[in-house]
Structure formats: structure tokens, C-alpha cells
Amino acid sequence: MNDETIRHRGEIIAIKEGVAKVRIMQTSACAECHAKGVCTASDQKEKIIEVEMRHDDFSIGDEVYVIVQKSLGINAVLLAYILPFALIIITMAILKNFMANDLLIGTISLGMLLPYIVLLRVFRDKLNAKFKFQITEI
8 MNDETIRHRG
18 EIIAIKEGVA
28 KVRIMQTSAC
38 AECHAKGVCT
48 ASDQKEKIIE
58 VEMRHDDFSI
68 GDEVYVIVQK
78 SLGINAVLLA
88 YILPFALIII
98 TMAILKNFMA
108 NDLLIGTISL
118 GMLLPYIVLL
128 RVFRDKLNAK
138 FKFQITEI
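So the sequence shown is numbered by my numbering: it starts at 8 and just counts up by one.
Right, here's the structure in full:
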């Protein structure tokens, strides 16, 4: 595996108009541990990822690798977790200088996520174009 990419093993469950739906099992690092049966920290979830196919060499039921660049993974974490958290903290810090009601400060700070979510929705097509997955044979 290339150090610049992240890959997950998956299975093609549907193909429609050049787009394959691939089912992957998202696991935490400890989900592979031999003691996962008795540990509550292990986590495993099924995810469906849509991948644009470049050619028709794949069919339903094929085992494939879903590949994405690591830099895109870092950007996804930035957009999904770090920027919203920073927005809340910065809003709280600014409002603390002008207001005394902590409940109102917290409510307004959380409310600032609504415009952020709307912005993500507006730029959804650009983000989808940037965050491209690829599939390869196993």
C-alpha cells in the first residue's frame, strides 16, 4: 500500500450509470484485536460509498479496494470536526466579552453551526468533485 493513500476492502453491491456502490466495514484500530469480544472499545460499522467507475471491468459482488488520498482524509477531518469546533470556541470567546448570560452564549455559539452547514450544502458539488474515491481490484 502506498503511504500517500488510505484503502479499505469492500464489495460492490450495486452499479448504476457508471457509479458503483461499495460496502465497506469501517473498523476502529482495536476492532481487529483478539480481545474485541470482551472489550467495549471495539467499533465496527458498515458504510456505503459511491465511487465513479472509470471503466466497466467491475460487476456486482466483486471484492475491491476503495482508495482515497491521505491528504483528502485530513481535509475531511478539518471540514467535519476541526472547523466547526473552532467556530464554536471563537464565537463563545467573542460573545463572552459582550454578554453575561452563559446559556445565551452557548445557544448562539451552537447556532453558528447552521450557517456553516448551509455553506457546506451550497458547495456540496465542489466538495464532491474534490473528494474522489477510486476502486481497484484485489
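For each residue, glycine too, the CB sits at the ideal point set by N, CA and C.
All of these numbers come straight from a predicted model, not from anything done at the bench.
Straight-line gap, residue i to residue j (C-alpha atoms, nearest Å)
i	j	result
Q141	A87	21 angstroms
F130	L120	15 angstroms
G25	V84	28 angstroms
K54	R128	21 angstroms
S2	H62	Outside the displayed range of the chain (8 to 145) lies residue 2, so it cannot be described from this structure.
I124	K137	18 angstroms
R16	K139	16 angstroms
M106	I89	25 angstroms
G68	Q33	18 angstroms
K23	N82	28 angstroms
M60	K133	19 angstroms
P122	R14	33 angstroms
Proximity below 8 angstroms, CB of residue i to CB of residue j
i	j	result
I74	T98	no
I31	I56	yes
H144	V29	The identity of residue 144 in the sequence shown is Glu, whereas the question assumes His. No. Outside cutoff.
E11	Q51	no
I112	L102	yes
Buried or exposed (CB count within 10 angstroms, at least 16 for buried), residue i
i	result
G118	exposed
G80	exposed
A93	exposed
V58	buried
Element boundaries [alpha helix (DSSP H), containing residue i]
i	result
M99	90 to 103
I124	120 to 129
K77	77 to 84
Whole-Å CB distance - residue i paired with residue j, under 8 angstroms assumed
i	j	result
F65	A27	6 angstroms
Residue span of the beta strand (DSSP E) that contains residue i, given as start and end
i	result
G17	12 to 23
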